[in-house]
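These protein sequence lines are chains A and B, in that order. In terms of my numbering, the first sequence opens at residue 1 and continues consecutively. In terms of my numbering, the second sequence opens at residue 598 and continues consecutively. Cβ atoms here follow ideal geometry from the backbone N, Cα and C, with glycine treated the same way.
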Amino acid sequence: MTDRRAILSGNEAIARGAYESGVRVATAYPGTPSTEILESLCGYEGLHAEWAPNEKVALETGMGAAFGGVRTLVVMKHVGVNVAADPLFTLSYTGLRGGLVLVTADDPEMHSSQNEQDNRHYAKFAKVPMLEPSDSQEAKDLTKISFEISEKFDTPVMLRTTTRVSHSKSIVHLAEPSEPPMRSKLVKDPMKFVMLPANARKRHPVVEKRMEEVASFAETFPENRLEWGERKIGIITSGISYEYAKEVMPEASYLKLGMVYPLPKGMIRSFAPQVEKLFVVEELDPFIEEQVRAMGIEVSGKDVFPLCGELNPTLVERGLKGLPPLPRGEVFQNLPARPPIMCPGCPHRGIFSILSKMKLFVTGDIGCYTLGFLPPLSAIDTCVCMGASIGHAMGLDKALGEEALGKVVAIIGDSTFLHSGIPSLLNVVYNKGMVTLIILDNRTTAMTGRQDHPGTGFTLKGEETFQVDLPKLARALGVKHVKVVNPYQLAATERVIQREIQRREPSVIISRAPCILSRREKIGFGEPLFISPEACAGCRVCLGLGCPAIEWVKEDGVSMQGKKRKGRASIETFLCNGCTLCAQVCKFRAIKTPDGK
Amino acid sequence: MENRVTNILLVGVGGQGIILASEIMTDVFMEAGFDVKKSEVHGMAQRGGSVSTHVRFGSKVFSPLIKEGEADIFLAFEELEAIRYISYLSPQPAILLNEQRLNPPSVSLGKEDYPEKISEVLLRRARVFKKVPGRELALRAGDARAVNIVLLGTLSSILPIPEKLWTENILHRFPPKAGRINLEAFRLGRSA
């Protein structure tokens, strides 16, 4: 048979590994950098893959599938594991029947996250083995091995990637899918699956014994490997850090760990004295380093490598060789930043321009709309985790009462609301909060690349399904005042917000318009607009929308109305979607469609 | 055999087609018999943010990221982004610069100025310097969006890889009509 090769991202390779392992059920909530795993996996035949409304539901569904005896993949980003932590810690006690692999995609450097927690701690905390690949080939191989370990030791296995592994591409050798051991069957086993205190007390010692067994397995596990080079420097490392270290110091000796928990302490004990100087190269926390130190072994790690942010070959080289940080002597300093920005025509822009104008305190949430924080809109005042906007508004209401009435509004996306906003809204009703919630219903999970969810009416595979009705859902939770607005109609939307925030009762405003990038629903905007150079008064109000299509042109002059101006606004035709927000905010009627309206 | 790895850094703005250009590149390098790795960060890129993609090929590649000061070839899709990543350039780099300026938000708002004299600075740093009128050539080929393929053509002109590997990959990737346009874009870029 010929060698079939492909260039795959780490995420695509995990999906391929799951397919080759004979996975039957896969579930996830989208989250950068993990999203492409399920998107890629759902292209393979013979398995069921689904988007769950949140990570806890994903893991519980995965557990059920694994209790039923089939191989199951559950995928989430690092902060998603916080959401799924409740089932995870007890899944460690129950074990399973079919293999279960939980992928945690960590985001050192916070490329697209609110923190950079190091999820290796979860393996230790929940007492489950954790494997960590360093490139795409390993991502595929370790996925397959994770299922074998899961079944061999009756334990969930965590597979940890980081953004650099998930989103880097390299060559992968493909294999055919194998039939896993057939166990799919409904089997009662209450002593194992019913974690009442009496049963759980019996399972805990089983967990401890299992982890001892995995630890001795780790000593001969081929993916924990010694690579002998010169003995002057010895490096213990795993994941992407291994690649950086090999890049800058190929001549050193390596203990390369494919399993980062539990550690092969015997291997470490034998490796350490055979090298003159020992380093642990790892991103974020000194997870391996502290365990090596606890063994009484002298080692260098976070004394020379940063604790915060991603590593890279430059940082690893500086640390290993004891060099000072690179000098910064280039010509250009303080370049204009280029942050991500809401798209031209984005339905969120209208809402944020109103909130900004009204100077409200906006409790925010996780999604594209978090970009409403950036100037010139500058209209987000809190953002912590999925679903938190509603709780924040409720807490402010209970703390400040009348003082906050009419000044605070919570804002959340449709996908985020369905992820973890529903119980919080229920709480507002139950505890008589005076909270107004705006749900930005763009019918997709936009930030991660437009994935479906229970509010879109479509599944991961694109099949039609029931579409949850948000106004009815809010009413069923007990919200009496539910309004639906079109965010492209600024004046009408502002009137609704003004009225609702004054209420001494819970209220929900649903801002309904599809994501401008939606492939399924297109808004029928007109032609791109243009700004009359004569009529523009140079007041800059339209620039306050933060639309990438509107630019400031510096030129001293006088407008048609005889006003002195230092410049004027202009529209880039090829960027403009014709959403008309700028025309609505222009007091001088200077912004028009090509037919002059 | 010495393990000589070639480092290519692509920089620009989300939406300029950098990822597609880098995908074609990595495929071609694999077809040509090299080990290859690339790294990019997406997620927020499509929202018009700054984008950089690292591509490395050779007999054996470890790190998917290029070390600062070691980018041999610099393919810049946008002028401001070119200087943002200047610390990555090797002492004698080949610099291929697309003639395009896309204003970042602070410049659009009139709060900051777009930096001047970018070409001059890059020219002084370069062993090989090519300034490519990407948009103009893409329009000539038949589609303004083909700027990425124009630049791929220019890149191909300084790499010792058979032209056929590039053209076959491009034709394979697009439907017939778009394939012809992109092939023309590639040829225009190659002779730019």
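Cα-Cα, which of B:Arg653, B:Lys657 and B:Leu677 is closest to B:Glu667?
-> Comparing Cα-Cα distances from B:Glu667 to each of B:Arg653, B:Lys657 and B:Leu677, the minimum goes to B:Arg653.
Measure the CB-CB distance between A:Leu320 and A:Val435 and report whether it falls below 8 Å.
-> no
CA nearest to the CA of A:Ile412, picked from A:Met447, A:Lys359 and A:Gly68 | A:Met447
CB contact check: A:Thr314 to chain B, cutoff 8 Å | yes
Identify whether A:Tyr261 lies in helix, strand or coil by the three-state DSSP scheme.
-> strand
C-alpha gap between A:Gly64 and B:Lys635, whole angstroms | 38 Å
Is the shortest distance between the beta-carbon of A:His453 and the beta-carbons of chain B less than 8 Å?
-> no
According to a CB-to-CB cut-off of less than 8 Å, which residues of the segment 334-349 of chain A neighbour chain B?
-> Leu335, Pro336, Ala337, Arg338, Pro339, Pro340, Ile341, Met342 and Cys343
Alpha-carbon to alpha-carbon, A:Glu213 and A:Leu371 | If you take the alpha carbons of A:Leu371 and A:Glu213, they lie about 48 Å apart.
Where does A:His419 land, buried or exposed, given buried means 16+ other C-beta within 10 angstroms?
-> A:His419 comes out buried.
Give every residue of the same chain whose Cβ lies closer than 6 Å to the Cβ of A:Arg540, excluding the five residues on either side of it in the sequence, and list them in chain order.
-> none
What are the boundary residues of the alpha helix (DSSP H) that includes B:Trp763?
-> Glu760 to Arg770
Within the 8 Å Cβ cut-off, does A:Tyr244 reach chain B?
-> yes
With 16 as the cutoff for other CB atoms within 10 Å, does B:Ala642 come out buried or exposed?
-> Confidence in B:Ala642 is poor, its pLDDT being 49 and thus under 50, which makes the residue's placement unreliable; the coordinate value appears in the next sentence. B:Ala642 is buried by the Cβ-count criterion.
Starting from the Cα of A:Ser134, find the closest Cα among A:Pro286, A:Asn486, A:Gly567 and A:Leu257 and give me that residue.
-> A:Leu257
What residue from A:Leu440, A:Ser112 and A:Thr94 has the CA that sits closest to A:Ser511's CA?
-> A:Leu440
Let me know if A:Phe574 comes out buried or exposed under the rule of 16 or more other beta-carbons within 10 Å of its beta-carbon.
-> It counts as exposed.
For A:Gln451: DSSP bridge partner residues | A:Thr445
Identify, in the order they occur along the chain, each residue of the same chain with its Cβ nearer than 7 Å to the Cβ of B:Leu785, setting aside the five sequence neighbours on each side.
-> Leu734, Arg737, Ala738, Val747 and Gly750
A:Arg164 touches chain B at which residues, Cβ-Cβ below 8 Å?
-> Ser636, Pro661 and Leu662
Check B:Lys728 in the structure and name its three-state DSSP category.
-> strand
Under a CB-based cut-off of 8 Å, is A:Ser34 close to chain B?
-> no
So what does A:Thr363 bridge to, in DSSP terms?
-> DSSP lists A:Thr382 and A:Ala410 as partners of A:Thr363.
Per DSSP, what kind of secondary structure is B:Asn604 in: helix, strand or coil?
-> Reduced to three states, the DSSP call for B:Asn604 is strand.
Contacts that A:Pro376 makes with chain D (C-beta to C-beta distance below 7 Å) = The chain labelled as chain D is not found among the protein chains of the depicted structure, namely A and B.
Looking only at DSSP bridge pairs, what is A:His48 linked to?
-> A:Val25
Of all Cβ atoms in chain A, is any one closer than 8 Å to the Cβ of B:Glu696?
-> The beta carbon of B:Glu696 sits no closer than 8 Å to any beta carbon of chain A.
Taking the C-alpha atoms as reference points, what is the distance between A:Leu100 and A:Ala218?
-> A:Leu100 and A:Ala218 have their alpha carbons spaced roughly 19 Å apart.
Whose Cβ in chain A lies nearer than 7 Å to the Cβ of B:Arg681?
-> Within chain A, the C-beta atoms nearer than 7 Å to that of B:Arg681 come from Leu335, in chain order.
Give the C-beta separation of A:Cys515 and A:Arg443 to the nearest angstrom, bearing in mind that I take them to be a contact with Cβ-Cβ under 8 Å.
-> 7 Å
Measure how close the beta-carbons of A:Ile354 and A:Leu490 come, nearest whole angstrom, since I'm counting them as under 8 Å.
-> 6 Å
Using the C-alpha atoms, what's the distance from A:Thr493 back to A:Ile351?
-> 8 Å
Give the residues of chain A in contact with B:Thr568, contact being defined as C-beta atoms less than 8 Å apart.
-> Within the shown structure, residues of chain B are numbered from 598 to 789, placing residue 568 of chain B beyond reach of any answer.
Among A:Lys398, A:Cys42 and A:Leu405, the one whose alpha carbon lies nearest that of A:Asn11 = The residue with the shortest Cα to Cα distance from A:Asn11 is A:Cys42.
Considering only the beta carbon of each residue, do A:Ser518 and A:Ala535 sit closer than 8 Å?
-> no
In chain order, each beta strand (DSSP E) run of at least 3 residues that lies wholly inside the segment 541-587 of chain A = 550-558 and 564-571
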